[in-house]
Amino acid sequence: MAETYPSLAQCAIVAAAFKILLFPAYKSTDFEVHRNWLAITHSLPLWDWYYEKSSEWTLDYPPFFAYFEWIMSQVAKLADPAMLRMYNLEYDSWQTVYFQRLSVIATELVLVYALQMFVDSSHGTSKRAAQAAAISILLSPGLLIIDHIHFQYNGCMYGILIASLVLARKRSTLLLSGLVFGALLCMKHIYLYLAPAYFVFLLRTYCLSPKSIFRIQFLNCLKLGGGIAAIFGTAFGPFALKGQIPQILSRLFPFSRGLCHAYWAPNVWAMYSFIDRVLIVLAPRIGLSVKAGALQSVTRGLVGDTAFAVLPDITPRLCFALTLLFQAIPLVRLFLVPTWDNFIGAVTLCGYASFLFSWHVHEKAILLVIIPFSLIALKDRRYLGAFRPLAVAGHVSLFPLLFTPAEFPIKTIYTVFWLVLFLMAFDQLAPASRRARFFLFDRFSTLYITVSIPLILYCSLVHGVVFGKSYEFLPLMFTSSYSAIGVVGSWLGFMVVSFTS
Amino acid sequence: MAGPSPSPHKPRRKAKRAVNGESSLSTGRQPSARTPSFPLESFLWPARGSVSQWELLPLILMVAGLFRWAAGLWGYSGFEKPPLFGDYEAQRHWMEITTNLPISQWYFHDLQWWGLDYPPLTAYHSWLCGKIGSLIDPSWFALYASRGLHSPALKIFMRATVVVSEYLIYVPAVVVFVRRFSRLSGVPTWTASVALVAILMQPATILIDHVHFQYNTVMLGFVVSSISSMLAGRYLWSAVFFVGALGFKQMALYYAFSVFAYLLGRCAFPVNIPRLVAVGAVTAVSFAILLLPLIVGTLNDVRRGIDARPDLKGHRPPLPLFADLAGNLDTGAFYYPVVEQLVQMVHRVFPFARGLFEDKVANFWCALNVVVKLRKYPSNLLQRGALFATFASIVPPNLILFFRPRKLLLPLAFATTAWGFFLFSYQVHEKSVLLPLMPMTLLLAGGQGLGKNTRAWVGFANILGCWTMFPLLQRVDLKVPYTVLTLLWAYLLGLPPTSLSAYFQEGSSIWSQWATAFIHGSFYLAIALWHVFEAAVTPPPDKPDLWVVINVGLGAGGFFLCYLWCLGSLVLESGILPKSWGSKRDKTKMQ
Chain A
1 MAETYPSLAQ
11 CAIVAAAFKI
21 LLFPAYKSTD
31 FEVHRNWLAI
41 THSLPLWDWY
51 YEKSSEWTLD
61 YPPFFAYFEW
71 IMSQVAKLAD
81 PAMLRMYNLE
91 YDSWQTVYFQ
101 RLSVIATELV
111 LVYALQMFVD
121 SSHGTSKRAA
131 QAAAISILLS
141 PGLLIIDHIH
151 FQYNGCMYGI
161 LIASLVLARK
171 RSTLLLSGLV
181 FGALLCMKHI
191 YLYLAPAYFV
201 FLLRTYCLSP
211 KSIFRIQFLN
221 CLKLGGGIAA
231 IFGTAFGPFA
241 LKGQIPQILS
251 RLFPFSRGLC
261 HAYWAPNVWA
271 MYSFIDRVLI
281 VLAPRIGLSV
291 KAGALQSVTR
301 GLVGDTAFAV
311 LPDITPRLCF
321 ALTLLFQAIP
331 LVRLFLVPTW
341 DNFIGAVTLC
351 GYASFLFSWH
361 VHEKAILLVI
371 IPFSLIALKD
381 RRYLGAFRPL
391 AVAGHVSLFP
401 LLFTPAEFPI
411 KTIYTVFWLV
421 LFLMAFDQLA
431 PASRRARFFL
441 FDRFSTLYIT
451 VSIPLILYCS
461 LVHGVVFGKS
471 YEFLPLMFTS
481 SYSAIGVVGS
491 WLGFMVVSFT
501 S
Chain B
1 MAGPSPSPHK
11 PRRKAKRAVN
21 GESSLSTGRQ
31 PSARTPSFPL
41 ESFLWPARGS
51 VSQWELLPLI
61 LMVAGLFRWA
71 AGLWGYSGFE
81 KPPLFGDYEA
91 QRHWMEITTN
101 LPISQWYFHD
111 LQWWGLDYPP
121 LTAYHSWLCG
131 KIGSLIDPSW
141 FALYASRGLH
151 SPALKIFMRA
161 TVVVSEYLIY
171 VPAVVVFVRR
181 FSRLSGVPTW
191 TASVALVAIL
201 MQPATILIDH
211 VHFQYNTVML
221 GFVVSSISSM
231 LAGRYLWSAV
241 FFVGALGFKQ
251 MALYYAFSVF
261 AYLLGRCAFP
271 VNIPRLVAVG
281 AVTAVSFAIL
291 LLPLIVGTLN
301 DVRRGIDARP
311 DLKGHRPPLP
321 LFADLAGNLD
331 TGAFYYPVVE
341 QLVQMVHRVF
351 PFARGLFEDK
361 VANFWCALNV
371 VVKLRKYPSN
381 LLQRGALFAT
391 FASIVPPNLI
401 LFFRPRKLLL
411 PLAFATTAWG
421 FFLFSYQVHE
431 KSVLLPLMPM
441 TLLLAGGQGL
451 GKNTRAWVGF
461 ANILGCWTMF
471 PLLQRVDLKV
481 PYTVLTLLWA
491 YLLGLPPTSL
501 SAYFQEGSSI
511 WSQWATAFIH
521 GSFYLAIALW
531 HVFEAAVTPP
541 PDKPDLWVVI
551 NVGLGAGGFF
561 LCYLWCLGSL
571 VLESGILPKS
581 WGSKRDKTKM
591 Q
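Chains as they are written, first to last, in the UniProt record's numbering: chain A, 1 to 501; chain B, 1 to 591.
Here it is as structure tokens:
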């Protein structure tokens, strides 16, 4: 098969040029968060990292990420030492911006490398599809908005995740895949959501004999267990020696936060909140009682406990139970049929379940679903059918992250460009399925995608003209409810597809 | 806009013809090339064959728009640089005066603060933008109070006006031009799309319009429309569009001789007197329509008792130009204010009183000034010298165009003429290099346009052009967008410093290959070294402008080579040379 064009490297070069042009763009508080972490890791001894709290942006990522910041701070010294000073809060000299923005672009090379691994691991007719999927991840509007404008280091970490997923494709590198994922968990604990799929897959394919699930491969268990222990030891060991683990855990898992984030991530709870809000209006007519105390907080949705006025409140325990339940369903299947495709499907479904049902989900977590799904979206047309509404909803739901007018054309035109380009390309590349597709599902997804156009227009233009500054929550609520329908719809679609194929 | 070309879906048939024709595809002489020859082709590679251009075009336009908008996030000319700020303030100020003052005062108002010095279409455009902007936020264009305003929201609005104006005029014009020109040259649709991206991503226009801030693409768009109307054989439209270009920016005069020569040639071979009369009449009527708002507005203001120059308290100064004309005119006549208005407009638009060159610009005079101090000569002599040199440089291409008014020669003739003006004329600004670059870059859409030789020369001119504007951009801290956009374009087209793939094409004379590669190579090397020195070494105190002077000298030399190449290509393509001669010099151009 001939080489496919354009290559990943070519795309990465042009994308990097675009990202450099975006240097002066809006940057969120995450920019200051990461600058502060550079300062903390550079100026303080290891033992103080997780206790320092002079800035409100305390270090709340696991130790490997802190080490990563420490390494970067060694380079940052050369760019502008002032950014590394403690208490130099909100410091953003041009050198600091250049350095931090460039560091995102440079660490994203991990992603490029991992995607190349993915393309190289595919063979035959699916190679072109793999290339297209890889490019779609590399150019993802999600990564552009979150990493290169809003500011974070997801590109690097999803690179590690993809590398780990690809390593799981071959029996010989299964161990490595597990270890890489372990290391990733020590960088950012959000990937714990995907851990159940890894656990089941590695248990079945690596720790148990392929022939019988009752024959345990002890040597493999030892290797995997020892390796993971060594990685966690490297990460948390130094802190454990000083008895700092409880402090770190309290930083990593702040349970005091509310059910929904300030802006509702498009999940089941967003729909629940939306219904609650509609019921506030309807309640008097159908004779339901409205809790007066909840009314105040409902119109905001700030971080903190979200109180519902009509519907029963949701407890963290319920969220946890639902998440586990919906993660367990695909995991049973994965345990029975442990193929790589099923593994990726299970990872995706774990991502879905945690995104849809977890406590205090952030909208950025949608990448946890989109990126693994992209790897198998081109398996056949039915998969693509489930992927389509997710691609639209997931990216549209990220729009509220950028609210400044200068970035409005960038986020919308880039996302529209990406959707048009890749949905068109995927359409050509995805092979037909052997099974019949669901007629209505495709129609619904087309209708759903069409609705996004008036929605974006309303939220960005019409609302401002008609209402000015009042009812600011309306566009946000519409966006998140709309996106929630798409994400939930694609989740249901994907569940059906993966259980019937 | 000119109507769409007759049949948008023909190209596939043409593509087949091109295969066995002489004009081979960009992808090498073998139409079935298996690999892209430069990165831009790779990016469009999946779109070969199956994808219709109607799917491709929106994607191309979105990408071009994204890069423009992202580049616009950077600073602009005069940002927080009091007292006068820069081009951005000039454009904003024109929106301020046109929306706030009666039309008869536009060309007279406080000339020290960015007095209006562009032709009326720019003024009308400013008025429109100013009106729309005032709806959003009246403080942006409040008279006097808004001078030097730098609010971020205003910047977004101003950037948006540039992008919207470009997408309404320049972009459609280029799309139509590329379609027509590539079809005439027998270039397949897909290759034309590659050329379209290359033209739209041209770094110089993005840097000057979207970063540094101006509306050159509006004028350039009118010129491209004019050329593509010529391609379609719509001579009257071509005249209308060209008047539009002239009415927007007097700089379009660089092309005027070529427009004139081509249209005249078309009326002369074979003789077609009605067409000549029609073109003349349409031109005159277009000019009249262009000036009509100014004239009617002035008369109306006089009727309402509004003085064009309230600062003079009724005292009438003599006309700034044509002083003897005033002697024969009755200053009290009803038409006198109109005459005064038009003379003032011409006076503002053509600043004859200024020097031979304003700043450091990479043209012949400024380069010569390094060796011979031109200021010691009387300005009269210099003006005449400039006039003569310009004339000498533009006569050959325009004579060719007049005697051989062929469609395919248009971009080359326009480019040669504009290079002549840029190199030798009076009062050239470094940004004027956009004018010769535009038609030269359009060559990419022609037969062999993406072949190595043309690509190498067009790329050379563009990268050199961006480089000569570096001092201008650096003054407002625009090094990063300069570097990114220039290198990106060089990368996409496979040009140095990113690749040498545009050189050494098999099948052409080894000497010409080496000559081109050597000349270009030494220029690229010099540019690279210049950047290193400029960044690392401060010039000696007695020569503070050393780097700029070197930039100007090298730039002028390189541009002169571009002029010669365009002229040489024009001579060869026009077929006015005897065959034997042509084949001998074939090496310098064909391959």
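No residue lacks a Cβ here, since even glycine has one placed at the ideal position from N, Cα and C.
Since the model is a prediction, treat every value here as computed from it, not as a measurement.
| Three-state secondary structure assigned by DSSP to I199 (chain B) | Against the second sequence, residue 199 (chain B) aligns to sequence position 199. The answer is helix: DSSP assigns I199 (chain B) an H, G or I state.
| With a cut-off of 8 Å, does the C-beta of F23 (chain A) fall near any C-beta of chain B? | Residue 23 (chain A) sits at position 23 when you count from the first residue of the first sequence. Yes, contact with chain B.
| said: Here's the rule: buried if 16 or more other CB atoms are within 10 angstroms of the residue's CB, otherwise exposed. What is V243 (chain B)? | reply: The count along the second sequence starts at 1 and reaches residue 243 (chain B) at position 243. Counting Cβ neighbours within 10 Å, V243 (chain B) comes out buried, since at least 16 surround it.
| query | What does Q10 (chain A) reach in chain B if we use C-beta pairs closer than 8 Å? | reply | Here residue 10 (chain A) refers to the residue found at position 10 of the first sequence. Residues of chain B passing the Cβ test: P39, S42, F43.
| request: Out of B:Q202, B:G130, B:R183, B:F213, state which residue places its alpha-carbon closest to the alpha-carbon of V162 (chain B). | output: By one-based count along the second sequence, residue 162 (chain B) stands at place 162. When only C-alpha atoms are compared, the closest one is B:F213.
| said: Residues in the same chain with beta-carbon distance under 7 Å from T390 (chain B), minus the five sequence neighbours each way, listed in chain order, please. | reply: Position 390 of the second sequence holds residue 390 (chain B). Excluding positions up to five away in sequence, the list reads G420, F421, F424, S425.
| field | Neighbour list for I156 (chain B) in chain A, Cβ cutoff strictly below 8 Å | value | Translated into the one-based positions of the second sequence, residue 156 (chain B) becomes position 156. By Cβ distance, chain A contributes P405, A406.
| Neighbourhood of H189 (chain A) by C-beta, 7 Å cutoff - its chain only, sequence neighbours within 5 removed | Within the first sequence, residue 189 (chain A) is the residue found at index 189, counting from 1. Counting only Cβ-Cβ distances below 7 Å, and skipping sequence neighbours, we find P62, L252.
| said: If you reduce the DSSP assignment to three classes, tell me which class L208 (chain A) lands in. | reply: Indexing the first sequence from 1 puts residue 208 (chain A) at position 208. L208 (chain A) falls in the strand class under three-state DSSP.
| said: Just to make sure I have the definition right: I need the residues of chain A whose C-beta is within less than 7 Å of the C-beta of P36 (chain B). Which are they? | reply: For the purposes of this step, residue 36 (chain B) is identified with residue 36 of the second sequence, where counting begins at 1. Those are Y5, listed as they occur along chain A.
| With C-beta atoms as the reference, is L567 (chain B) less than 8 Å away from P320 (chain B)? | For the purposes of this step, residue 567 (chain B) is taken as residue 567 along the second sequence, with counting starting at 1. For the purposes of this step, residue 320 (chain B) is taken as residue 320 along the second sequence, with counting starting at 1. No, these two residues do not count as a Cβ contact at 8 Å.
| field | Separation of L184 (chain A) from I49 (chain A), as counted between CA atoms | value | Walking along the first sequence from the start, residue 49 (chain A) turns up at place 49. Walking along the first sequence from the start, residue 184 (chain A) turns up at place 184. According to the sequence provided, residue 49 (chain A) is Trp. The question's Ile does not apply to it. Cα to Cα, W49 (chain A) sits roughly 20 Å from L184 (chain A).
| Partners in chain A for L196 (chain B), counting only beta-carbon separations shorter than 7 Å | Here residue 196 (chain B) is taken as the residue at index 196 of the second sequence, counted from 1. Those within 7 Å of L196 (chain B) in chain A number zero; the least Cβ separation is about 16 Å.
| request: For I576 (chain B), collect the residues of the same chain with a Cβ closer than 8 Å to its Cβ; drop the 5 residues on either side in sequence, then sort them by chain order. | output: Residue 576 (chain B) sits at position 576 when you count from the first residue of the second sequence. Around I576 (chain B): I400, F403, R404.
| query | Across which residues does DSSP place I216 (chain A) in a beta bridge pair? | reply | Within the first sequence, residue 216 (chain A) is the residue found at index 216, counting from 1. The partner list for I216 (chain A) (beta bridge, DSSP) reads A:L208.
| message | If contact is defined by three or more beta carbon pairs under 8 Å, each pair taking one atom from either stretch, is the region 29–45 of chain A in contact with the region 61–75 of chain A? | response | yes
| field | Three-state secondary structure (DSSP) of V259 (chain B) | value | For the purposes of this step, residue 259 (chain B) is taken as residue 259 along the second sequence, with counting starting at 1. V259 (chain B): helix per DSSP, three-state reduction.
| request: Using three-state DSSP, classify V119 (chain A) as helix, strand or coil. | output: Reading the first sequence from its first residue, position 119 is the one you call residue 119 (chain A). It is helical.
| message | Please classify P203 (chain B) as buried or exposed, where buried requires at least 16 other C-beta atoms within 10 Å of its C-beta. | response | As a position in the second sequence, residue 203 (chain B) is number 203, starting the count at 1. When all chains shown are included, P203 (chain B) counts as buried.
| Residues of its chain near T299 (chain A), where Cβ-Cβ distance is below 8 Å and the 5 sequence neighbours each way are ignored | Locating residue 299 (chain A) in the first sequence gives position 299, counting from the first residue. Only weak support exists for where T299 (chain A) lies, its pLDDT of 45 falling under 50; the value from the coordinates is given anyway. Excluding positions up to five away in sequence, the list reads F473.
| request: Could you tell me the distance, in whole angstroms, from the CA atom of residue 593 (chain B) to the CA atom of L276 (chain B)? | output: Only positions 1 to 591 of chain B appear in the structure, and residue 593 (chain B) is not among them; the question remains open.
| task | Confirm, please, whether the CB-CB distance from G555 (chain B) to T417 (chain B) is below 8 Å. | result | In the second sequence, the residue the question calls residue 417 (chain B) occupies position 417. In the second sequence, the residue the question calls residue 555 (chain B) occupies position 555. Result no, Cβ atoms of T417 (chain B) and G555 (chain B) do not sit closer than 8 Å.
| Spatial neighbours of S393 (chain B) in its chain, beta-carbon cut-off 6 Å, leaving aside the 5 residues before and after | Position 393 of the second sequence, counted from the first residue, corresponds to residue 393 (chain B). Within the same chain, S393 (chain B) has close Cβ partners G420, F424.
| field | residue 534 (chain A) at chain B interface by Cβ criterion, 8 Å | value | There is simply no residue 534 (chain A) to check, as chain A begins at 1 and stops at 501 in what is shown.
| task | Kindly examine the ligand GTP and report whether one of its heavy atoms sits closer than 7 Å to the Cβ of A79 (chain A). | result | Ligands in the displayed structure: none, and consequently the ligand GTP is not present.
| Member of A:T412, A:M187, A:Y471 whose CA lies at the smallest distance from the CA of V396 (chain A) | Residue numbering aside, residue 396 (chain A) sits at position 396 when the first sequence is read from its first letter. Checking every option, the nearest Cα to that of V396 (chain A) belongs to A:T412.
| Ordered along the chain, which non-local residues of its own chain (more than five positions away) have a Cβ less than 7 Å from that of N272 (chain B)? | Locating residue 272 (chain B) in the second sequence gives position 272, counting from the first residue. None.
| Alpha carbon of T479 (chain A) to alpha carbon of C459 (chain A), nearest angstrom | Numbered from 1 along the first sequence, position 479 holds the residue referred to as residue 479 (chain A). Numbered from 1 along the first sequence, position 459 holds the residue referred to as residue 459 (chain A). So the two alpha carbons sit approximately 8 Å from each other.
| task | Helix, strand or coil for V428 (chain B), going by three-state DSSP, please let me know. | result | If you number the second sequence from 1, residue 428 (chain B) lands on position 428. It is a strand residue.
| message | With a threshold of 8 Å between beta carbons, is V112 (chain A) in contact with chain B? | response | By one-based count along the first sequence, residue 112 (chain A) stands at place 112. No, V112 (chain A) lies away from the interface with chain B (no Cβ there is under 8 Å from its Cβ).
| field | Neighbour flag for Y491 (chain B) against chain A, beta carbons, 8 Å | value | Against the second sequence, residue 491 (chain B) aligns to sequence position 491. Yes - at least one Cβ of chain A is within 8 Å of the one on Y491 (chain B).
| request: Can you tell me which of A:C350, A:Y98, A:Q116, A:R85 puts its alpha carbon nearest to the alpha carbon of I366 (chain A)? | output: As a working note, residue 366 (chain A) is residue 366 in the first sequence. For the residues A:C350, A:Y98, A:Q116, A:R85, the minimum Cα distance to I366 (chain A) belongs to A:C350.
| task | Put A362 (chain B) into one of helix, strand or coil per three-state DSSP. | result | Sequence index remark: in the second sequence, residue 362 (chain B) carries index 362 (1-based). DSSP places A362 (chain B) in coil when its eight states are reduced to three.
| Whether V171 (chain B) touches A195 (chain B) by CB criterion (8 Å) | What you label residue 171 (chain B) is simply residue 171 of the second sequence in a count that begins at 1. What you label residue 195 (chain B) is simply residue 195 of the second sequence in a count that begins at 1. No. Outside cutoff.
| By the 10 Å Cβ neighbour count, where 16 or more other Cβ atoms means buried, how is Q513 (chain B) classified, buried or exposed? | Start at 1 with the first residue of the second sequence, and residue 513 (chain B) comes out as number 513. When all chains shown are included, Q513 (chain B) counts as buried.
| request: Just the C-alpha distance for L455 (chain A) and F201 (chain A), rounded to the nearest angstrom, thanks. | output: Translated into the one-based positions of the first sequence, residue 455 (chain A) becomes position 455. Translated into the one-based positions of the first sequence, residue 201 (chain A) becomes position 201. Straight-line Cα distance between these residues: approximately 40 Å.
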